[in-house]
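These notes are about the structure you will find just below.
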């Protein structure tokens, strides 16, 4: 097609600075506007539901390959034996009941100029606005010796699915007295407190079933989320079972031999594992690269006011795939970004004033069944950047008593139920 | 919905909706409890306002998540949230 399509003209008008003064979609009939969302996790499913809440007349389509989405949050509790696998899965009936079209397919490609998407089913849905919430992909080229084949011997378990179940089976098969070695990447990566919660949850399992075992954490950095609270909690519940080695003490792993279950550090130390869990460096999910919205970092730069991508007008991105520091790559953040973006997209399509760009985060981590800790943050857009509000946020008190820790453990479980109900519709 | 009258005190409805979106991730959809974290839907507006201000000012549960979150909210935002959940937690 050589001539510009009507949709394309409308799109470029809406993408320009004059879009608020000239609500093109409204004049074309807002009922004809279609928003397609790629990814059915905390970002994508939330965006779909809230778009429908803000503007029921929109056509909203969600693309997600899995009929049930298993969450990374609480997958460490599955490793511990504190949660069933099924309890982590969430279906899409709640979205369908809200009038959202859900297509179980992979999004293979994006044509940004024609405003179409190509699916693994061969369908090519068109869109007036596209929302990408693809999560992360592993960078198989970043850590020598660690590629996709290696992950079948030394799982990353950093996407909830077969990898998580493989890691659990390896823990079950390991003999008492074995060494569980975890390789942890530098920032940024999905779920900053996740590796350290995982260490505690593996320790919980070992303490009950394999008490002579050890957990060695080899970390590419010297600081991590809630560090003081984790070190304190590990000691209190698991004594010396967990050993953390940071960058300054030669914790950075530079080579993996998944067949031999060994890793080598920057200064040449060799560590042998009975179970090897390698969390490699990550990047934005595949479809973000196809859409042309990724920069040299491998992540998606976004406008702080709307989460529209900086590279391509009309395409929005959410969640772990985005460059949104100081907001962490958490489920809560993906969900609140989705709510802001949904409100912003609806306002844009309806020719109304955009919402103020305000975001929050709360992340609970479990150290033991009755020992929870948390971190919180409040953020807003300021001159195109995201800033944390001064004086707000922070972590649980270091001197809290057992009652406080138990309350935060219970609050974590309550948080999970609430955010999943909000995201997928109970 | 978007075109409806602003119900949050001095804040547009869309902005109040975005603010309230953070609360429901723990307090449940529309503020209806899903577990140990208490529900907030339909509570008295004055009570909610006073409680949120007390969290912010460190007069209630100083180490809690609520204190850390409310320290990032101004009085107008707190009033909008109190009104939002008192009125049922939906637009």
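Protein chains in written order, with my numbering: chain A, 57 to 482; chain B, 975 to 1065.
We put the beta carbon where it would ideally sit given N, CA and C, even for glycine.
A quick note: this is a predicted structure, and the numbers were derived from the prediction, not measured.
Cβ-based burial, residue i [other Cβ within 10 Å; buried from 16]
| i | result |
| --- | --- |
| residue 986 of chain B | buried |
| residue 132 of chain A | buried |
| residue 328 of chain A | exposed |
| residue 1053 of chain B | buried |
| residue 197 of chain A | exposed |
| residue 333 of chain A | buried |
| residue 169 of chain A | exposed |
| residue 362 of chain A | buried |
| residue 422 of chain A | buried |
| residue 409 of chain A | exposed |
| residue 976 of chain B | Low confidence applies to residue 976 of chain B: its pLDDT is 37, below 50, so where it sits in the model is not reliable, and the reading given next is rough at best. Flag for residue 976 of chain B reads buried. |
| residue 61 of chain A | Reliability fails at residue 61 of chain A, whose pLDDT of 41 lies under 50, so the model's placement of it is uncertain and the value that follows must be treated cautiously. Answer is exposed; the Cβ neighbour count stays below 16. |
| residue 478 of chain A | buried |
| residue 279 of chain A | exposed |
| residue 78 of chain A | The predicted model places residue 78 of chain A with a pLDDT of 44, which falls under 50 and marks its position as unreliable, so this point remains unresolved. |
| residue 988 of chain B | buried |
| residue 282 of chain A | buried |
| residue 125 of chain A | buried |
| residue 1016 of chain B | exposed |
| residue 140 of chain A | exposed |
| residue 286 of chain A | buried |
| residue 350 of chain A | buried |
| residue 130 of chain A | buried |
| residue 395 of chain A | buried |
| residue 181 of chain A | buried |
Integer Cβ distance of residue i from residue j, believed to fall under 8 Å
| i | j | result |
| --- | --- | --- |
| residue 166 of chain A | residue 175 of chain A | The pair is not a contact, with the Cβ atoms about 11 Å apart (cut-off 8 Å). |
| residue 372 of chain A | residue 187 of chain A | 5 Å |
| residue 452 of chain A | residue 470 of chain A | Contact doesn't hold; Cβ gap of about 16 Å is too wide. |
| residue 250 of chain A | residue 189 of chain A | Not really, about 18 Å apart at Cβ, beyond 8 Å. |
| residue 1030 of chain B | residue 1044 of chain B | 4 Å |
| residue 294 of chain A | residue 135 of chain A | The Cβ separation is near 15 Å, so there is no contact. |
| residue 89 of chain A | residue 405 of chain A | 5 Å |
| residue 1020 of chain B | residue 1002 of chain B | The pair is not a contact, with the Cβ atoms about 22 Å apart (cut-off 8 Å). |
| residue 992 of chain B | residue 414 of chain A | 6 Å |
| residue 192 of chain A | residue 288 of chain A | Contact flag wrong, Cβ pair sits at about 29 Å. |
| residue 1058 of chain B | residue 1007 of chain B | Their Cβ separation, rounded to whole angstroms, is 16 Å, which puts residue 1058 of chain B and residue 1007 of chain B out of contact at 8 Å. |
| residue 246 of chain A | residue 376 of chain A | 5 Å |
| residue 1060 of chain B | residue 1018 of chain B | 6 Å |
| residue 211 of chain A | residue 222 of chain A | 5 Å |
| residue 301 of chain A | residue 312 of chain A | Not quite, the Cβ-Cβ distance comes to about 16 Å (not below 8 Å), so this is no contact. |
| residue 116 of chain A | residue 184 of chain A | Residue 116 of chain A to residue 184 of chain A, Cβ: 11 Å. No contact. |
| residue 432 of chain A | residue 450 of chain A | 7 Å |
Residue range of the unbroken alpha helix (DSSP H) whose run includes residue i
| i | result |
| --- | --- |
| residue 1053 of chain B | 1049 to 1060 |
| residue 1022 of chain B | 1019 to 1030 |
| residue 421 of chain A | That residue, residue 421 of chain A, is in no alpha helix (DSSP H); its beta strand (DSSP E) goes 414 to 424. |
| residue 274 of chain A | Per DSSP, residue 274 of chain A belongs to no alpha helix (DSSP H); it is in the beta strand (DSSP E), 270 to 275. |
| residue 253 of chain A | 250 to 265 |
| residue 996 of chain B | 987 to 1001 |
| residue 401 of chain A | 387 to 406 |
| residue 1037 of chain B | Segment: none, residue 1037 of chain B is in no alpha helix (DSSP H) and carries neither H nor E. |
| residue 436 of chain A | Premise fails: residue 436 of chain A lies in the beta strand (DSSP E), 427 to 438, not in any alpha helix (DSSP H). |
| residue 290 of chain A | 283 to 294 |
| residue 102 of chain A | 100 to 110 |
| residue 135 of chain A | 131 to 136 |
Extent of the continuous beta strand (DSSP E) to which residue i belongs
| i | result |
| --- | --- |
| residue 332 of chain A | 331 to 334 |
| residue 455 of chain A | That residue, residue 455 of chain A, is in no beta strand (DSSP E); it is neither H nor E in DSSP. |
| residue 313 of chain A | 309 to 313 |
| residue 338 of chain A | 338 to 340 |
| residue 115 of chain A | 115 to 119 |
| residue 326 of chain A | 326 to 328 |
| residue 441 of chain A | 441 to 444 |
| residue 373 of chain A | 371 to 373 |
| residue 127 of chain A | Segment: none, residue 127 of chain A is in no beta strand (DSSP E) and carries neither H nor E. |
| residue 90 of chain A | 90 to 94 |
| residue 321 of chain A | 318 to 321 |
| residue 301 of chain A | 298 to 301 |
Threshold first: 4 residues or longer. Then list the alpha helix (DSSP H) segments lying entirely within the region 154 to 235 of chain A, N to C. Entirely contained in the region 154 to 235 of chain A, the alpha helix (DSSP H) runs reaching 4 residues are, in chain order, 218 to 229.
Can you find at least 3 beta carbon pairs, one from the region 462 to 482 of chain A and one from the region 1020 to 1030 of chain B, that sit closer than 8 Å? Segments in contact, no.
What residues in the region 176 to 192 of chain A bring their beta carbon closer than 7 Å to a beta carbon of chain E? In the displayed structure, chain E is absent; the protein chains listed are A and B.
Given 8 Å, three or more beta-carbon pairs between the region 437 to 457 of chain A and the region 138 to 151 of chain A: no
Using 8 Å as the Cβ pair cut-off and three pairs as the minimum, do the region 198 to 208 of chain A and the region 388 to 396 of chain A touch? no
Measuring CB atoms only, is the region 265 to 283 of chain A touching the region 226 to 237 of chain A, in the sense that at least three cross pairs come out at less than 8 Å? yes
Do three or more CB pairs link the region 379 to 388 of chain A to the region 355 to 370 of chain A at distances below 8 Å? yes
Quick check: the region 270 to 286 of chain A against the region 239 to 250 of chain A, are there 3 or more CB pairs under 8 Å? yes
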